[in-house]
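Just so it is clear: in the sequence shown, position 153 is 153 by my numbering, and no numbers are missing.
We put the beta carbon where it would ideally sit given N, CA and C, even for glycine.
All values derive from a computational prediction rather than experimental measurement.
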Amino acid sequence: MKIGFVGLGIMGHPMALNLIKGGHELFVYGKRRLPADVRAAGATVCDTLKAIAERSEVVILMVPDTPDVRSALFDPGSVAEGLSPGKIVVDMSSISPIETKLFAGEINKKGCEYLDAPVSGGEVGAKAASLTIMVGGPEAALGKNITLVGGNGDGQTTKVANQIIVALTIEAVGEALLFAARAGADPAKVREALMGGFASSRILEVHGERMIKRTFDPGFRIELHRKDLNLALQGARALSLSLPNTATTQELFNAAAALGGKGWDHSGLVRVLEHLAGHSVAQG
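1. Go to F371, then tell me how far its beta strand (DSSP E) extends in each direction, as first and last residue.
2. May I ask which residues mark the beginning and end of the beta strand (DSSP E) holding F27?
3. Pick from M62, K101, Y114, T48: whose alpha carbon is nearest that of S94?
4. When you compare only the Cα positions, how much space is there between L252 and E54?
5. Reducing DSSP to helix, strand and coil, say where V190 ends up.
6. DSSP on D154, reduced to helix/strand/coil?
7. Less than 8 Å between the C-beta atoms of A43 and V28, yes or no?
8. Would you call the region 146-157 and the region 122-138 touching, i.e. three or more CB-CB distances under 8 Å?
9. Can you tell me which of the three DSSP states I133 falls into?
10. Return the chain-ordered ranges of every beta strand (DSSP E) run that is complete within the region 43-93 and spans a minimum of 3 residues.
11. Thinking just about the alpha-carbon of each residue, which of D91, F5, V173, V119 is nearest to the one in E113?
12. Rounded to the nearest angstrom, what separates T66 and S78 at their Cα positions?
13. Could you give the first and the last residue of the continuous beta strand (DSSP E) run that contains L229?
14. Starting from L115 and walking both ways along the beta strand (DSSP E), at which residues does that stretch end?
Following this line, the structure appears as structure tokens:
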């Protein structure tokens with residue numbers, strides 16, 4: 001299949017490589033930084049996003065935020081100008097569900113399908129080609145683990161719900177390990193014990209270990225998770241819905257940013273809790 005790919009960052013870079021390994025012909029944008037291994041793997045470099053869309057059957061977007069998707073789709077010389085009937089646009093970014101419905105409507109007017117297909121699994125999942133894809137729109141076969149959750153916008157709604165759970169669980173794991181450390185227990189042994197019980201989770205396994213070992217190089221940056229919780233809180237206001245713990249965790253992400261932590265992995269949220277307590281999980 002001929003696939004256009006827009007957005008070769010932490011997630012998009014390994015995803016693009018896996019598509020090439022899977023035998024697909026890939027078209028990428030060469031105006032900004034282009035990873036050398038994507039070019040070396042055989043991707044065709046295009047001068048404009050319009051050219052990518054003209055040469056592709058499917059165009060995938062993997063960019064940071066709602067304005068980036070809007071720009072990639074509808075700015076002069078961008079994807080929408082290169083589309084023709086029968087093509088598919090797949091937005092795998094994590095963006096506003098409300099804006100997604102508007103984007104889908106505009107793409108549908110061109111005789112093209114639009115899928116919002118945000119992912120879960122982080123950089124590790126992107127590299128291993130094991131991402132879970134939450135799809136909103138017409139049924140389509142994408143990736144390995146797919147859950148079709150409804151129409152356009154429902155994929156993004158599912159991803160926002162996912163990010164609420166992940167953020168609040170990271171915060172809970174941080175509090176638990178900090179409590180254990182301040183009480184004089186070995187947080188590594190506490191984590192090991194908890195992994196065998198009802199509190200076990202993937203976040204306790206992966207991010208609990210990061211908190212103990214102090215490995216906060218980003219798999220998923222705090223600034224991006226803060227953006228996702230902002231989408232949740234914007235949606236909640238529009239729905240007259242209270243999300244008190246989401247709002248509290250967002251304030252902790254804001255505090256992390258104020259401490260210079262926009263680029264930390266989201267497990268670095270524990271550093272804010274440590275700052276408030278004057279004690280570190282690593283101290284035990």
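Taking the definition as stated:
1. The chain is shown from 1 up to 284; residue 371 falls before or after that span and cannot be answered.
2. Counting along the chain, the beta strand (DSSP E) containing F27 begins and ends at 25-29.
3. M62
4. In a straight line, the C-alpha of L252 is about 44 Å away from that of E54.
5. helix
6. helix
7. yes
8. yes
9. strand
10. 44-46, 58-61, 88-91
11. D91
12. Between the alpha carbons of T66 and S78 lies a gap of roughly 15 Å.
13. Premise fails: L229 lies in the alpha helix (DSSP H), 222-238, not in any beta strand (DSSP E).
14. 113-116
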